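Quick note: the sequence shown uses my numbering, first residue 281, plus one each step. The block underneath contains the structure these notes are about, expressed in structure tokens.
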Amino acid sequence: MWRGVLPAVTTKFDREDGLDHSEMERCFGLQIDAGCDGLVVCGSLGEGPMLTLEEKLAVLATARAAAAGKPVLMTVAAASTAESAAIARAAAKAGADGLMVVPSLVYHTDPAETLATLRAVAQAGDLPVMIYSNRLAYRVDVTVGIMEELAQDERFVAVKESSDDIRRTTEIINRFGDRYAVLTGVDNLAFEALAVGAVGWVAGLVCAFPAETVAIHRLMQAGRWGEALSVYRWFRPLLDLDVSSYLVQNIKLVEALAIGSNERVRLPRLPLAGERRGTVEAIVARALETRPTLPALS
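In structure tokens form, the structure reads like this:
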């Protein structure tokens with residue numbers, strides 16, 4: 281459950297800004313058919329903060345139906361601990377297999393507050409938890425010291441490592457061994473993280489290029505690093521689109537161009553326009569023109 285490629289899937293909207301469940305089912309199915317190992321719903325890429333709790337649970341239900349028995353994780357990310365705990369309880373009741381938890385969206389918690397919040401959410405949901413450590417996007421650093429405090433609670437089982445410092449992966453493994461499953465959460469550091477011991481990849485561009493993402497992970501696990509690196513180098517311009525304030529618009533446009541989906545986003549976001557849109561279109565066009573033949577995988 282805590283290894284492999286876990287897409288942080290996008291949430292699809294219809295023309296009236298409602299949930300487009302049929303398109304989500306199609307897109308989620310593409311991930312599973314390509315060999316992804318589960319799904320993560322309602323995260324940053326899934327526009328979770330723009331969804332009501334009712335909508336989050338509806339997306340979860342659609343993901344569970346499409347996942348073919350593979351695990352589906354609910355992202356918990358809210359302004360208050362009370363709201364986060366409510367999401368965790370509701371997700372557990374609705375059948376989520378686990379939680380990916382952001383300590384705080386608005387207030388930048390100090391270490392004691394971070395610990396208290398993560399513990400409260402874990403207790404509320406009583407499900408396995410992947411700690412989402414992203415000090416750049418959320419300005420809260422879940423340090424190795426904080427992870428040591430949380431290690432006493434067996435519900436904390438994994439870390440989505442998104443500090444943007446590749447050294448952190450090694451620091452976690454050196455401190456804890458296999459106590460935590462370490463998954464990379466930065467698309468354009470995935471090869472590097474997998475090379476130093478990460479066992480999984482919570483991925484973004486996988487939404488448009490699932491086969492290539494799965495191939496990189498499986499090749500790395502098989503020790504076929506040269507073949508993985510060749511695919512990764514081709515993939516890098518696309519992967520860079522995940523590391524941006526416009527990651528949602530970027531990746532939804534890539535999905536529209538690569539798998540025929542739509543790029544509808546929820547306000548205040550707007551679809552890409554002008555030079556920014558042209559840049560993404562050019563990257564995708566180049567990638568599709570030079571798309572590699574993937575090595576055979578067992």
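We treat Cβ as the ideally placed atom computed from N, Cα and C, and that holds for glycine. All of these numbers come straight from a predicted model, not from anything done at the bench.
Legend entry - Separation of D300 from T291, as counted between CA atoms: The sequence position of residue 291 within the sequence shown is 11, counting from 1. The sequence position of residue 300 within the sequence shown is 20, counting from 1. Cα to Cα, T291 sits roughly 8 Å from D300.
Inset, instruction - Please work out which residues of its chain come closer than 6 Å, Cβ to Cβ, to L237, disregarding the five sequence neighbours upstream and downstream, and give them in chain order. - result: Only positions 281 to 578 of the chain appear in this structure, which leaves residue 237 out of reach.
Inset, instruction - Mind the definition here: the segment 352–371 touches the segment 327–336 only if three or more C-beta pairs lie below 8 Å; say whether that holds. - result: yes
Inset, instruction - Check each candidate in G457, T342, A374 and L469 and name the one with the smallest Cα separation from A483. - result: Translated into positions along the sequence shown, residue 483 becomes position 203. Closest by alpha carbon: L469.
Legend entry - Contact between the segment 400–420 and the segment 437–453 (3+ Cβ pairs under 8 Å): yes
Inset, instruction - Specify, as a first and last residue, the run of the alpha helix (DSSP H) that P490 falls within. - result: Along the sequence shown, one-based indexing puts residue 490 at 210. P490 to Q501 is the extent of the alpha helix (DSSP H) around P490.
Inset, instruction - Measure the Cβ-Cβ separation of E535 and A488 and say whether it is below 7 Å. - result: Reading the sequence shown from its first residue, position 255 is the one you call residue 535. Reading the sequence shown from its first residue, position 208 is the one you call residue 488. Yes; because the gap between Cβ atoms is below 7 Å, this pair is in contact.
Inset, instruction - Quick one: give me the first and last residue of the alpha helix (DSSP H) that G378 is part of. - result: Here the question's residue 378 lines up with position 98 in the sequence shown. Taken as a continuous stretch (DSSP letters only), G378 belongs to no alpha helix (DSSP H), being part of the beta strand (DSSP E) at G378 to V381.
Inset, instruction - Indicate the three-state DSSP secondary structure (helix, strand or coil) for A345 in the structure shown. - result: On the sequence shown, position 65 is the one that residue 345 refers to. A345 falls in the helix class under three-state DSSP.
Legend entry - Helix, strand or coil at I411 according to DSSP, with G and I counted as helix: On the sequence shown, position 131 is the one that residue 411 refers to. Residue state, collapsed to three classes: strand.
Legend entry - Rounded distance between the beta-carbons of F471 and A502, thought under 8 Å: Here residue 502 refers to the residue found at position 222 when the sequence shown is read from its first residue. Here residue 471 refers to the residue found at position 191 when the sequence shown is read from its first residue. A502 to F471, Cβ: 14 Å. No contact.
Inset, instruction - Give the DSSP-derived three-state secondary structure of W481 in the structure shown. - result: Here the question's residue 481 lines up with position 201 in the sequence shown. The answer is strand: DSSP assigns W481 an E or B state.
Legend entry - Buried/exposed call for P548, threshold 16 Cβ in 10 Å: In the sequence shown, residue 548 corresponds to position 268, counting from 1. The residue in question, P548, is exposed, as its Cβ has fewer than 16 Cβ neighbours within 10 Å.
Inset, instruction - Go ahead and pull the three-state DSSP assignment for K350. - result: Stepping through the sequence shown from its first residue, residue 350 is reached at position 70. Coil, per DSSP.
Inset, instruction - Kindly indicate which residue of E451, A288, A461 and V511 has the alpha-carbon position closest to the one of R435. - result: The count along the sequence shown starts at 1 and reaches residue 435 at position 155. Per the Cα distances, A461.
Inset, instruction - Rounded to whole angstroms, what's the CA-CA distance from H229 to G315? Just pull it up for me. - result: Given a span of 281 to 578 for the chain in the structure shown, any question on residue 229 remains unanswerable.
Inset, instruction - Classify G318 as buried or exposed, calling it buried when 16 or more other Cβ atoms lie within 10 Å of its own Cβ. - result: If you number the sequence shown from 1, residue 318 lands on position 38. By the neighbour-count rule (16 or more Cβ atoms within 10 Å), G318 is buried.
Inset, instruction - Return the CA-CA distance between S541 and A392, expressed in angstroms with no decimal places. - result: In the sequence shown, counting from the first residue as 1, residue 541 sits at position 261. In the sequence shown, counting from the first residue as 1, residue 392 sits at position 112. Computed Cα separation, rounded: 43 Å.
Inset, instruction - Note down, in chain order, each residue of its chain lying with its Cβ closer than 6 Å to the Cβ of P575, except the 5 sequence neighbours on either side. - result: By one-based count along the sequence shown, residue 575 stands at place 295. Excluding residues within five positions, the ones whose Cβ falls inside 6 Å are E507.
Inset, instruction - Could you check if Q311 is buried or exposed, using at least 16 other CB atoms within 10 Å of its CB as the buried criterion? - result: In the sequence shown, residue 311 corresponds to position 31, counting from 1. Classification of Q311: buried, given that the 10 Å Cβ count is 16 or more.
Legend entry - DSSP three-state assignment for G554, whether helix, strand or coil: Here residue 554 refers to the residue found at position 274 of the sequence shown. If DSSP states are grouped into helix, strand and coil, G554 belongs with the helices.
Legend entry - For L521, the three-state DSSP class (helix, strand or coil): Reading the sequence shown from its first residue, position 241 is the one you call residue 521. In the structure shown, L521 sits in a helix (DSSP, three-state: H, G or I).
Inset, instruction - Measure the Cβ-Cβ separation of A478 and T449 and say whether it is below 7 Å. - result: Locating residue 478 in the sequence shown gives position 198, where the first residue counts as 1. Locating residue 449 in the sequence shown gives position 169, where the first residue counts as 1. Cβ atoms of A478 and T449: closer than 7 Å.
Legend entry - Extent of the continuous alpha helix (DSSP H) to which G405 belongs: One-based indexing of the sequence shown puts residue 405 at position 125. Looking at the DSSP string, the run of the alpha helix (DSSP H) that includes G405 is P391 to G405.
Legend entry - Chain-order list of residues whose beta-carbon lies under 8 Å from that of L333 (same chain, five-residue window excluded): Translated into positions along the sequence shown, residue 333 becomes position 53. Correct list, in chain order: A366, I367 and A370.
Inset, instruction - Output yes or no for whether 7 Å exceeds the beta carbon distance between G480 and L463. - result: As a working note, residue 480 is residue 200 in the sequence shown. As a working note, residue 463 is residue 183 in the sequence shown. The answer is yes: Cβ separation under 7 Å.
Inset, instruction - Rank A538, N454, V523 and S525 by C-alpha distance to the C-alpha of E492 and give the top, closest one. - result: Against the sequence shown, residue 492 aligns to sequence position 212. Checked all of A538, N454, V523 and S525; the closest Cα to E492 is A538.
Inset, instruction - State yes or no: is the C-beta of V494 within less than 7 Å of the C-beta of P287? - result: The residue labelled residue 494 in the question sits at position 214 within the sequence shown. The residue labelled residue 287 in the question sits at position 7 within the sequence shown. Contact: no.
Inset, instruction - Using the Cα positions of P517 and I563, report the straight-line distance between them to the nearest angstrom. - result: Counting from one through the sequence shown, the residue named residue 517 turns up at place 237. Counting from one through the sequence shown, the residue named residue 563 turns up at place 283. P517 and I563: Cα-Cα distance of roughly 7 Å.
Inset, instruction - Starting from the Cα of I453, find the closest Cα among E555, L577, G425 and V289 and give me that residue. - result: Stepping through the sequence shown from its first residue, residue 453 is reached at position 173. Its Cα nearest to that of I453, the residue G425 stands out among E555, L577, G425 and V289.
Inset, instruction - Give the C-beta separation of V528 and V545 to the nearest angstrom, bearing in mind that I take them to be a contact with Cβ-Cβ under 8 Å. - result: For the purposes of this step, residue 528 is taken as the residue at position 248 of the sequence shown. For the purposes of this step, residue 545 is taken as the residue at position 265 of the sequence shown. Indeed they touch by this definition, with Cβ atoms about 6 Å apart.
Inset, instruction - Please list, in chain order, all residues of the same chain as A348 whose beta carbon is under 8 Å from its beta carbon, the five residues on each side excluded. - result: The sequence position of residue 348 within the sequence shown is 68, counting from 1. Counting only Cβ-Cβ distances below 8 Å, and skipping sequence neighbours, we find I312.
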